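So the structure is just underneath, and the comments pick up after that.
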Amino acid sequence: MPGNQRFGRSATTGNHRRQLARACKKFGLLVQPSALKVLAGELEARGGAESAGFLEFLALCRDRLASSPRGPSSSSRLLSLSLVEEVLTEEDQRKEGHRQDAILPRSGTGSKRSKVVLREEGERPGEEEAQSRALSATGRRRGSATKAPTSYRPPWKIVSAFETPRLVYDSLRRRFRYDPKDGSSSSSSLLMGTASDLMDARIQRYELVKQKVDRHREHHRESPLTTIDRLLGTASGKAHAKIHTTERTLLGMLRSHQGGLELEDPTGSVPLRIDPTATALDDRGVFLEGSLVLATGSHEESPSGTVFSCRSVELPPLEPRETTARILPPPPGGGPSGRRAHGPEAVESPVPIYALSNLCLDEAGCLERVGAVVDRMVRETGGDGSSSGTVGAVLVLFGNFGTPGGLSTAAALDELATLLAEKKIPARHSVLLVPGPADVGSNACWPLPAWDRRETPSSLHPFLAGGSNSGSSNSNRGHHPHSNASGTAAVHLCTNPCRLDFSDGRRVVLLRKDLVRESLRHRLLADGPRRDSPERPLASMVLYHALSQSHLSPHSLLAPSSGPVYWRCDHSMGLVPLPDLVVLGLDAEYLEEGVHYGRAGCRFVAPLSNPSRGEWQCAVAVLGRTGAGGTDPSAVRAGLHVEFDNDDESDGESDGESESDDEMEGREREEPGDEATANKENDDDDDDDDSSLEPTQATDRDIFERYRALGGTQTDTQLSQSTQLSAY
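Per our numbering, the very first residue in the sequence shown carries number 1096; after that it's consecutive.
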């Protein structure tokens, strides 16, 4: 009898329970209450506690517990419901295997042997002939199935922002874990959360940054961080002024208040004193309202209170993905973990990713541009045959898909469906639609939901993937199967952001958000002192800031934020561990060329698209693997080749100023493989690394002045005068 039928047997009388207790005591076993019902049913079915069948079953359970990697404690003798079910399932599979071996004829021996059939009780003579015919028919079906060409299944799955596992760092146990509480509920009240969820999100964002800072400082034998409550506890409490000469390093959130700037952590806050001539500011990134920074200096006491005088203000160090992945737990529900898969069998084929942003489909020439990119993608990945090619590409289309006053989003998607029907993209490819801020209603909170199938035109429905046909906006869990009714490339309706998790551990994040404009809106310390190095483009500073914060929108949890997030979904904007590739959709207002920037093994790619001038640049990122095999994590790395295809260039021509992948690989070899790379002593390397970003003609001050001309409220010397509550 199959094990799943035995799981539902009811418990018998108390006499059977006493017999079960005596039998388990003989084997030195303890029983969980949840397993009593199943064990009592097995005792009754096998003929009592003294029967050979039941004693053999308990012996199997004991052997299973002995082989499990547990210490010498009571848990090593505890029979749980899951363990009992596993033993029953294995027992049934073993019996079924023996029965099939006896039924199937022996082959390959060269001599005839008599067929011996083992019958169970109640099995009628002649049943074995029917079973033999059924098995032979099954074998013929399997043989024919192996000859038929199998459909292409991509080596990745789409993880919705609302289904992203929430990674939590336990500071007491100093380890990571996955919190089962997430923002997957469709209810708006549960999605937004409570004040406790807001506080948990802020504390967890602080803890995720602090754990990598502690690990970095411990490796470099630097003094540990000082919390603000301990700093204030060293004050003498007297009214006269006193200067403490002991230098300390604080980690906290940078906030503005009426008197200037202050640093805040979960234990308290302290005002900062920043001297424009004496304080060294980290010019590799930007400082935003809500950024976590490292402030080094000493504190001073005065009758008006304690002030922390800063000698330097830096961004947290970067940490490569492989370093973080060593201490991550296995992901919930299976799937690829943060660690790299090793061995030749774990190495996947290169995956080309074609990205287009700001696709205003009602603009003249936009659909022709998308069609040209589709033709190039099909041509470069193996021709037009849907089953002959082996490389499946990903076409990422970022919104907004319509212009204000132009076509509606539904009409724009109808135009896209007409193009897909004309092109007949092979089924091995996939098309990902990521909505822009103006596509999915007037929602101003992040992450943005995917389109509901009922909100899309009926002409697009035959192209939608199996996971995108549900009526729920966040029903994209796994996006399986990867097929549709048209037999062509499947169209996936994605959230913004979303991510692609590969079976070998690679990860790609897709985001359509104007990070540069938001950084200008929340920027602090804009005119700090500069070192004797060329001014870096603002986009590279914004991206370095995102890597150091391990978050794509660090200011989103503040009250006056231009891009607020749902408090229970703040982890969906996180970058722990760092992905291999982040494909961005940025506005073209502050860019002159496409962005290709990389640090600590993470690459940012953003195509330049300017619908007002009829320009849509295509970014082609081929995500591959280099150095397969071996046990060294650094021996298997993600390789990336990036090029930009403009309208006025021929297909396949790489941008002249784009850095080659070999140069990027050479720079990464200079960085330490296991530790963070953001050190003051590596400023020269940082200057070289910024060449991976396409240079802009406008300077940082010009961009800032342009922002103020557009109505920006923050000035060079004046901070926000609004009083804000504690972030923690």
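In this text, a Cβ means the ideal position worked out from N, Cα and C, and glycines have one as well.
All values derive from a computational prediction rather than experimental measurement.
Exposed or buried, what is T1721 when buried is set at 16 or more other beta-carbons lying within 10 Å of its beta-carbon? By one-based count along the sequence shown, residue 1721 stands at place 626. Residue placement at T1721 cannot be trusted, given a pLDDT of 45 that sits under 50; what the coordinates show is reported in the next sentence. Exposed: under 16 other Cβ atoms inside 10 Å.
In the DSSP output, which residue or residues are listed as bridge partners for P1447? What you label residue 1447 is simply residue 352 of the sequence shown in a count that begins at 1. In the DSSP output, where bridge partners are listed per residue, P1447 has V1717.
What span of residues does the beta strand (DSSP E) with T1391 cover, start to end? The sequence position of residue 1391 within the sequence shown is 296, counting from 1. Looking at the DSSP string, the run of the beta strand (DSSP E) that includes T1391 is 1387 to 1397.
Which whole-angstrom value describes the C-beta separation of L1367 and V1304, a residue pair presumed to lie in contact below a C-beta threshold of 8 Å? Mapped onto the sequence shown, residue 1367 falls at position 272. Mapped onto the sequence shown, residue 1304 falls at position 209. Not confirmed; about 18 Å, so no contact.
Are the CB atoms of L1345 and A1390 nearer to each other than 7 Å? On the sequence shown, position 250 is the one that residue 1345 refers to. On the sequence shown, position 295 is the one that residue 1390 refers to. Contact flag set, yes.
What is the rounded straight-line gap between the Cα of H1111 and the Cα of P1424? Here residue 1111 refers to the residue found at position 16 when the sequence shown is read from its first residue. Here residue 1424 refers to the residue found at position 329 when the sequence shown is read from its first residue. Going from the Cα of H1111 to the Cα of P1424 covers about 41 Å.
Roughly how many angstroms lie between the CA atoms of V1469 and E1517, to the nearest whole one? Within the sequence shown, residue 1469 is the residue found at index 374, counting from 1. Within the sequence shown, residue 1517 is the residue found at index 422, counting from 1. Rounded to the nearest angstrom, the two C-alpha atoms are 11 Å apart.
Whole-angstrom distance between R1117 and P1674, CA atom to CA atom: Within the sequence shown, residue 1674 is the residue found at index 579, counting from 1. Within the sequence shown, residue 1117 is the residue found at index 22, counting from 1. Roughly 55 Å between the two C-alpha positions.
From H1736 to T1590, what distance separates their C-alpha atoms? Counted from its first residue, the sequence shown places residue 1736 at position 641. Counted from its first residue, the sequence shown places residue 1590 at position 495. Roughly 26 Å separates the two Cα atoms.
Going by DSSP, name the residue or residues bridged to P1425. Along the sequence shown, one-based indexing puts residue 1425 at 330. DSSP lists no partner for P1425.
Measure the beta-carbon distance from G1531 to F1496 and round it to whole angstroms, keeping in mind my assumption that it falls under 8 Å. Walking along the sequence shown from the start, residue 1531 turns up at place 436. Walking along the sequence shown from the start, residue 1496 turns up at place 401. Confirmed, about 7 Å.
With distance defined between alpha-carbon atoms, name the residue in R1379, S1318, L1383, T1259 nearest to S1656. The residue you call residue 1656 lines up with position 561 of the sequence shown. The candidate whose alpha carbon is nearest that of S1656 is L1383.
Residue nearest to R1270 in terms of C-alpha spacing, selected from T1340, A1420, E1395, S1707: Position 175 of the sequence shown, counted from the start, is the residue given in the question as residue 1270. Nearest of T1340, A1420, E1395, S1707 to R1270, Cα basis: A1420.
First and last residue of the alpha helix (DSSP H) that includes D1265? The residue labelled residue 1265 in the question sits at position 170 within the sequence shown. From DSSP, D1265 is part of no alpha helix (DSSP H) but of the beta strand (DSSP E) over 1261 to 1265.
Quick one: give me the first and last residue of the alpha helix (DSSP H) that Y1661 is part of. Numbered from its first residue, the sequence shown carries residue 1661 at position 566. First-last for Y1661: undefined, no H or E at that position.
Rounding to the nearest angstrom, what Cα-Cα distance links V1365 and G1347 in this structure? By one-based count along the sequence shown, residue 1365 stands at place 270. By one-based count along the sequence shown, residue 1347 stands at place 252. So the two alpha carbons sit approximately 10 Å from each other.
So, at 7 Å on beta carbons, what are the nonlocal neighbours of D1274 in its own chain, with the 5 sequence-adjacent residues on each side left out? Here residue 1274 refers to the residue found at position 179 of the sequence shown. Cβ within range, chain order: R1261, V1263.
For the structure I just gave you, are there three or more beta carbon pairs, one from the segment 1635 to 1642 and one from the segment 1517 to 1529, closer than 8 Å? no
What's the C-alpha gap between R1248 and S1648? In the sequence shown, residue 1248 corresponds to position 153, counting from 1. In the sequence shown, residue 1648 corresponds to position 553, counting from 1. Approximately 33 Å, taken between the alpha carbons.
Are the CB atoms of T1504 and D1547 nearer to each other than 7 Å? Working through the sequence shown from its first residue, we reach residue 1504 at position 409. Working through the sequence shown from its first residue, we reach residue 1547 at position 452. It is not a contact, given that the beta carbons lie outside the stated cut-off.
Compare the beta carbon distance of I1298 and P1361 with 7 Å and say whether it is the shorter of the two. Counting from 1 along the sequence shown, the entry for residue 1298 is found at position 203. Counting from 1 along the sequence shown, the entry for residue 1361 is found at position 266. For I1298 and P1361, yes; Cβs fall inside 7 Å.
Exposure of A1716, with buried meaning 16 or more beta-carbon neighbours within 10 Å: On the sequence shown, residue 1716 is found 621 positions in, with the first residue counted as 1. It counts as buried.
May I ask you to list the residues that DSSP assigns as paired with H1587? Reading the sequence shown from its first residue, position 492 is the one you call residue 1587. Partner(s): L1527.
In the DSSP assignment, what are the bridge partners of D1274? In the sequence shown, counting from the first residue as 1, residue 1274 sits at position 179. Partner(s): R1261.
Check this for me: beta carbons of L1676 and R1708, under 7 Å apart or not? Mapped onto the sequence shown, residue 1676 falls at position 581. Mapped onto the sequence shown, residue 1708 falls at position 613. Their beta carbons are not under 7 Å apart, which means L1676 does not touch R1708 by this criterion.
Please classify A1695 as buried or exposed, where buried requires at least 16 other C-beta atoms within 10 Å of its C-beta. Counted from its first residue, the sequence shown places residue 1695 at position 600. So A1695 ends up on the buried side.
Per DSSP, the bridge partner or partners of E1705: Counting from one through the sequence shown, the residue named residue 1705 turns up at place 610. It is Asn, not Glu, that sits at residue 1705 in the sequence shown. Answer is E1710, bridged to N1705.
For E1687, write down the residues that DSSP places opposite it in a beta bridge. Reading the sequence shown from its first residue, position 592 is the one you call residue 1687. Its beta-bridge partners do not exist; DSSP assigns none.
Let's see if you can read the secondary structure: which residues bound the alpha helix (DSSP H) around C1461? Locating residue 1461 in the sequence shown gives position 366, counting from the first residue. Its alpha helix (DSSP H) spans residues 1461 to 1475.
Taking just the CA atoms, how far does F1257 sit from E1417? Working through the sequence shown from its first residue, we reach residue 1417 at position 322. Working through the sequence shown from its first residue, we reach residue 1257 at position 162. The alpha-carbon atoms of E1417 and F1257 are separated by roughly 25 Å.
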